[in-house]
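Right, one structure below, let's go through it.
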Amino acid sequence: MEGSKLSSTMQVSFVCQRCCQPLKLDTSFNVLDRVTILELTAPLVTVTPSKQVDSSNGEPAPEETFEENKQDGVSRKYIPPARMMSTESANSFTLIGDASDGGTMENLSRRLKVTSDLFDIMSGQTDVDHPLCEECTDTLLDHLDTQLNITENECQNYKFFWDNKFDHAMVAFLDCVQQFKEEVEKGDTGFCLPYRMDVEKGKIEDTGGSGGSYSIKTQFNSEEQWTKALKFMLTNLKWGLAWVTSQFYNR
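The numbering used here numbers the first residue of the sequence shown as 24 and each following residue consecutively.
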């Protein structure tokens, strides 16, 4: 009878911080190793170490422990007391091993306190309150994925807006070289440039080499490809200047 009461108590000790439904925790919460503790308690950003409190006096750590994380501009808050229990410490807990008196109320209370402090630490490191049920966790992950996609799209749009003017200028310069070529060909049919230019696509073709086309734009282009395009356009420009110089020389 007593065992069933303890089991029932364990199932409703914590509630989801979003939907407020009671949670049944995994058995892995009963034992915490050092690696798990370090991963959960490590700050997301580098902060100034807070003044340590002597553990022998039994006093809880000050609330400034979580307030240090506010340097990154993210608002932090504690878990509301909706877990049918209260905690004394904000980020301290006790390691629980395989105790022989695993069924006593004292051991149960210690385990609940350890788990409660663990959730407080997890909540203090992010702007999400813990614990969460499986359904709310999936919803949260979907929401975070959506936010990530929106942020990435905004970055791409900003990059497009920033690089667009420079790319338009490069295409306009390519168009000038192409117009010069067409005007010269009207009077001198033997004139030609070594690399064919496609102004509409903003590309220049390696006619005498690989035959590949290289974009003159920096957007969605690698540095190597863009460098080759500049090299080919510069060569065309040199040929054009050489033709103009020859015309003045002949006169």
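Virtual Cβ for every residue (Gly too), placed ideally from N, Cα, C. In this text the structure is predicted, and so the values were computed from the model without any measurement.
Beta-carbon separation of residue i and residue j under 8 Å?
i      : j      : result
LYS226 : SER238 : yes
TYR218 : GLU206 : no
ASP140 : SER146 : no
LYS251 : VAL194 : no
LEU46  : VAL38  : yes
Return the Cβ separation of residue i and residue j in integer angstroms, given the expectation that the two are a contact with Cβ distance under 8 Å.
i      : j      : result
GLN201 : MET220 : 5 Å
GLU216 : TRP262 : Residue identity check: residue 216 is Leu in the sequence provided, not Glu. Confirmed, Cβ separation roughly 5 Å.
THR138 : LEU61  : About 18 Å; that fails the 8 Å criterion.
LEU167 : GLN40  : No, LEU167 and GLN40 are not in contact; Cβ-Cβ is about 16 Å, not under 8 Å.
Does any residue of chain C have a CB that is nearer than 8 Å to the CB of residue i?
i      : result
SER269 : In summary, chain C is missing from the structure at hand, where a single protein chain is found.
Starting from residue i, follow its DSSP beta bridges and name the residues at the other end.
i      : result
ASP221 : LYS226
PRO45  : VAL38
TYR237 : ILE227
So, for residue i: in the same chain, excluding its five sequence neighbours on each side, which residues have a beta-carbon less than 7 Å away from its beta-carbon?
i      : result
ASP198 : VAL222
LEU260 : VAL200
TRP266 : VAL207, PHE214
CYS159 : CYS39, ARG41, CYS42
GLU244 : Checking the displayed sequence, the identity of residue 244 turns out to be Asn instead of Glu. Cβ within range, chain order: SER238.
Can you list, in chain order, the residues of its chain with a C-beta nearer than 6 Å to that of residue i? Leave out the 5 residues immediately preceding and following it.
i      : result
LYS204 : LEU216
GLN170 : none
SER236 : LYS226, GLU228
So, for residue i: in the same chain, excluding its five sequence neighbours on each side, which residues have a beta-carbon less than 8 Å away from its beta-carbon?
i      : result
MET256 : PHE196, LEU197, VAL200, TYR218, MET220, ILE227, ILE239
GLU177 : none
GLY234 : GLU228
Are three or more beta carbon pairs between the segment 181-196 and the segment 206-215 nearer than 8 Å? no
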